[in-house]
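> Going line by line, the protein sequences match chains A and B.
So for the first sequence, numbering that gives the first Met the number 0 puts the first residue at 0; every next one is plus one.
So for the second sequence, numbering that gives the first Met the number 0 puts the first residue at 0; every next one is plus one.
Positions of the beta carbon are idealized from the N, C-alpha and C atoms, including for glycine.
Number of protein chains: 2
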Amino acid sequence: MVTLSEVAKRARVTAATVSNVLRNREKVRPETAERVLRAIADLGYRPNLNARALAEGRSSTLALMLSNISNPFYPEFVLAAERAARKAGHFLMVCNTDDDAEVGRAYLNQIAGTFADGVLVMNTDIAFNEFCISTIQSAPILLTMWEHPETPPPLPCIAVDFARAGALAATHLLELGHRDIGMLVGDGCGGLQDARSNGFRAVMREAGIETDAAAMLQVRDSIDAGYIACMQLMANRPRLSAIFATNDLLAIGAAQALITLRRAVPDDVSVIGITDIQLAHQVHPALTTVAIQTAAVAELSVDRLIRLIQAPTQQPSMVVGPAPELVVRASTGPRRAGSR
Amino acid sequence: MVTLSEVAKRARVTAATVSNVLRNREKVRPETAERVLRAIADLGYRPNLNARALAEGRSSTLALMLSNISNPFYPEFVLAAERAARKAGHFLMVCNTDDDAEVGRAYLNQIAGTFADGVLVMNTDIAFNEFCISTIQSAPILLTMWEHPETPPPLPCIAVDFARAGALAATHLLELGHRDIGMLVGDGCGGLQDARSNGFRAVMREAGIETDAAAMLQVRDSIDAGYIACMQLMANRPRLSAIFATNDLLAIGAAQALITLRRAVPDDVSVIGITDIQLAHQVHPALTTVAIQTAAVAELSVDRLIRLIQAPTQQPSMVVGPAPELVVRASTGPRRAGSR
DNA sequence: CTGAAAGCGCTAACAA
DNA sequence: TTGTTAGCGCTTTCAG
């Protein structure tokens, strides 16, 4: 490995000068700088980032903790976060906790404040938050995709108004004339997606519609689970004219179940989800959903984390991200005259 | 930040002893060790990984370079690779090149040999390989998911016999009686997926079937593109009884196009892909495909990279990964009597 | 079994 | 404008 001092020797200067060339090029005479640059090129020198991190006291690396990257939602967040981090001169280290809090704790312990200058934590539960607070004072931790803007967590966070997302879905279905609506409530790693379902039910209740237990199923977050649950839902309540799912994977699974059951989507049954993952517009019929602007939230999160690193605060300030927006595609339509 | 020497002071020993406790616990008297451990716990000490990396000359971090994590194939690889790395005591840093060779080069330059002890590179093209060789001698680079076992690249690599995957798909369709078959050839970032299509065509040719140009479309790697291309294919050649796609995204898109066209899958038209991504068994009808054992390849790659780190070699040795396997699901069936 | 000392490669005052 | 001098926090000989 070529080191700074080898470069210095070859350019007949000292390490400090080489270092200066590498950063504030101002204080070096042009011809010296040129000699140094040539030496760097000749030797194929590349700075050792560990040494630099140690000397500078920061690594220019952010960590992103998520439960399981095989859920298609995460890659979209990762992609946007990584771009934002790169643009700001940081690396992004993706840490899969594999849905295992123990792994999450281990990562946090090892990484925060040493490998990473700051940590982004997604979809966490209360217990994990407690852990974050108790253990780590050495680097900022920012919770992101927090689902409960009305109850700020005891850490800095970026929240998303998921209740509003649910409400938008409800309004859309009501406007289309649906009254008898089934619900698929996802159970992500951060716990039940109840902000979404509560937002939905609040609007329904206002319209005088009470969703009873039989029309509401709790399921794991996946296309498979949505498919199976929808089958069950339609068996319980064959007259449902619409299905609301708290996330797109469930909604996609539900739509496929309906097609298998020979119930046309949206002519017989409408389907709506939340998130607007890429898959949502790629399936057929394309999914109507409530977009939560994943990429924008990712960028916001990275920006804010970097700001926290630069000006550390203990205050658990919460920022509410961009508002969810209804995206009407092909999976929802007016309630048919024939149906109940 | 609590440092080693603060711990040492509190335990009334020197840094060296604390370090010894943290690693080869043998050479420390139990009661001293206990005192040190208590000090560590009391102070909430966590070792600075950058300092350790600098002192040890290695970071225990691997980097994985991939083009775009939003392609659902990658997260599955990442998940498996990350588990394998973690099991072996390494971190995994995921680097998205965003389909941009410039970004890829920048990452490699910065990371290899400094932040990361070794680098896994997926789906690369020749130009990038050249760059890898010319620039980096400081850390092993392992190419993975190499598609051409018959022409080893000038770097260590894990290859997958994609031609065989194509051949298996061809054999399956032939056995089902299909003769008039459309082809969707994906154009990943590593270039055209021609090993797959050539493997397929070789088997067809042996059976006396020549795939003509009109029945073969080159498309970008996505569900969307597969959907559109399939529409076009069926317009060109309405009598096709099967479609072979070089990857599952294309196949899924194709199946959806067929459903939109009211051609039943597989009763009217069979569809087969390659890879066996998770989506493949979650869509309906579930996709018949040729599995390339992504997780196994990921583990193999990580193991081999770690081995390379421990015993560096310049030899561009190639290891061929697990053989592809046909996975029959619901999207392929016998050619119907009625069809051509 | 424990301590002293050197050094990993780089940065950042401060001097010259 | 350039050089000198201390470290950053840890590991690792080598003495004691």
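(1) Would you verify that the beta carbon of Ile125 (chain B) is, or is not, closer than 9 Å to some beta carbon of chain A?
(2) Would you identify the three-state DSSP class for Leu141 (chain B), choosing helix, strand or coil?
(3) Label Met64 (chain A) either buried or exposed according to how many other C-beta atoms from any shown protein chain fall within 10 Å of its C-beta, with 16 as the threshold for buried.
(4) Under 9 Å, do Thr259 (chain B) and Gly272 (chain B) count as touching if we go by C-beta distance?
(5) Rounded to whole angstroms, what is the Cα-Cα separation between Val35 (chain A) and Val12 (chain A)?
(6) So Thr113 (chain B) contacts chain A; which residues on that side make the cut at Cβ distance below 9 Å?
(7) Taking 9 Å as the CB-CB limit, is Ser316 (chain A) close to chain B?
(8) Give me the subset of the stretch 71-103 of chain B whose CB atoms are less than 9 Å from a CB atom of chain A, sorted by chain position.
(9) Pick from A:Gly103, A:Ala194, A:Gly165: whose alpha carbon is nearest that of His147 (chain A)?
(10) Could you tell me the distance, in whole angstroms, from the CA atom of Ser169 (chain A) to the CA atom of Gly198 (chain A)?
(11) Report the rounded CA-to-CA distance for Val17 (chain A) versus Ala32 (chain A), giving the unit in angstroms.
(12) Give me the Cβ distance between Leu48 (chain B) and Gln109 (chain A), rounded to the nearest whole Å; I'm assuming they're in contact under 8 Å.
(13) So Ile258 (chain B) contacts chain A; which residues on that side make the cut at Cβ distance below 9 Å?
(14) Taking the alpha-carbon positions, what's the Thr2 (chain B) to Gly103 (chain A) distance?
(15) Run through DSSP, which three-state label would Gln292 (chain B) get?
(16) Is Gly252 (chain B) helix, strand or coil when you go by DSSP?
(17) Might you give, ordered along the chain, the residues of its own chain that have their beta carbon closer than 6 Å to the beta carbon of Tyr73 (chain A), omitting 5 neighbours on each side?
(18) Kindly list, in the order they appear in chain B, the residues whose Cβ is closer than 7 Å to that of Asp223 (chain A).
(19) Give every residue of the same chain whose Cβ lies closer than 7 Å to the Cβ of Phe127 (chain A), excluding the five residues on either side of it in the sequence, and list them in chain order.
(20) Looking only at C-alpha atoms, which of B:Ala322, B:Gln281, B:Arg37 sits nearest to Leu299 (chain B)?
(21) Are Val301 (chain B) and Ile68 (chain A) touching if we call contact CB-CB under 9 Å?
(22) Can you list the residues of chain A that Thr68 (chain B) reaches, using a CB-CB cut of under 7 Å?
(23) Helix, strand or coil, according to DSSP, for Pro323 (chain B) in the structure here?
(24) Which residues in the same chain as Ile276 (chain A) place their Cβ atom closer than 7 Å to its Cβ, once the five residues preceding and following it in sequence are excluded?
(25) With DSSP collapsed to three states, give me the class of Gly43 (chain B).
(26) So Gln217 (chain A) contacts chain B; which residues on that side make the cut at Cβ distance below 7 Å?
(27) Under 8 Å by Cβ, that's how I've got Leu61 (chain B) and His89 (chain B) pegged, so tell me the actual separation to the nearest angstrom.
(28) Where do the N-terminal and C-terminal ends of the beta strand (DSSP E) with Ala62 (chain B) fall, by residue?
(29) Give me the residue from B:Ala253, B:Arg262, B:Val296, B:Arg22 with the minimum Cα distance to Ala279 (chain B).
(30) Quick one: any contact between the stretch 320-334 of chain A and the stretch 163-177 of chain A, if contact means 3 or more CB pairs under 8 Å?
(31) Could you tell me which of B:Arg82, B:Asp97, B:Ala87 sits nearest to Ala79 (chain A), measuring between CA atoms?
(32) Say whether chain A places a C-beta atom closer than 9 Å to the C-beta of Gly252 (chain B).
(33) By a C-beta neighbour count over all protein chains shown, 10 Å radius and 16 as the cutoff for buried, is Ile222 (chain A) buried or exposed?
(34) Would you mind sorting Asn235 (chain B) into buried or exposed? The rule is 16 or more other CB atoms within 10 Å of its CB.
(35) In three-state DSSP terms, what is Asn49 (chain A)?
(36) Going by alpha carbons, who is nearest to Leu346 (chain A) out of A:Ala329, A:Val326, A:Arg200, A:Arg303?
From the atom records:
(1) no
(2) Strand.
(3) buried
(4) no
(5) 8 Å
(6) Met0, Arg45, Pro46, Asn47, Leu48, Asn49, Ala50, Arg51
(7) Interface criterion not met: the Cβ of Ser316 (chain A) is under 9 Å from no Cβ in chain B.
(8) Pro71, Tyr73, Pro74, Glu75, Val77, Leu78, Glu81, Arg82, Arg85, Phe90, Leu91, Met92, Val93, Cys94, Asn95, Asp97, Val102
(9) A:Ala194
(10) In the sequence under discussion, the amino acid at residue 169 (chain A) is Ala, which differs from the Ser named in the question. If I take the Cα positions, the gap works out to 8 Å.
(11) 8 Å
(12) Contact between Leu48 (chain B) and Gln109 (chain A) holds, with the beta-carbon distance rounding to 7 Å and staying under 8 Å.
(13) Ile258, His283
(14) 23 Å
(15) The DSSP-derived three-state label of Gln292 (chain B) is coil.
(16) Looking at Gly252 (chain B) - three-state DSSP - the assignment turns out to be helix.
(17) Leu65
(18) Gln281
(19) Excluding positions up to five away in sequence, the list reads Ala100, Gly103.
(20) B:Ala322
(21) no
(22) Per the sequence shown, residue 68 (chain B) should be read as Ile rather than Thr. The answer, in chain order, is Pro74, Val77, Leu78.
(23) coil
(24) Pro71, Phe72, Glu75, Asp247
(25) coil
(26) Under the 7 Å cutoff, chain B gives no residues; its nearest Cβ is about 19 Å from Gln217 (chain A).
(27) About 5 Å; that satisfies the 8 Å criterion.
(28) 60-65
(29) Selected option, being the one with the closest Cα: B:Ala253.
(30) A contact between stretches requires three or more CB pairs, one per stretch, nearer than 8 Å, and the stretch 320-334 of chain A meets this requirement with the stretch 163-177 of chain A.
(31) B:Asp97
(32) yes
(33) buried
(34) exposed
(35) helix
(36) Past the boundaries of the shown model lies residue 346 (chain A); chain A is included only from 0 to 339, so the question cannot be answered.
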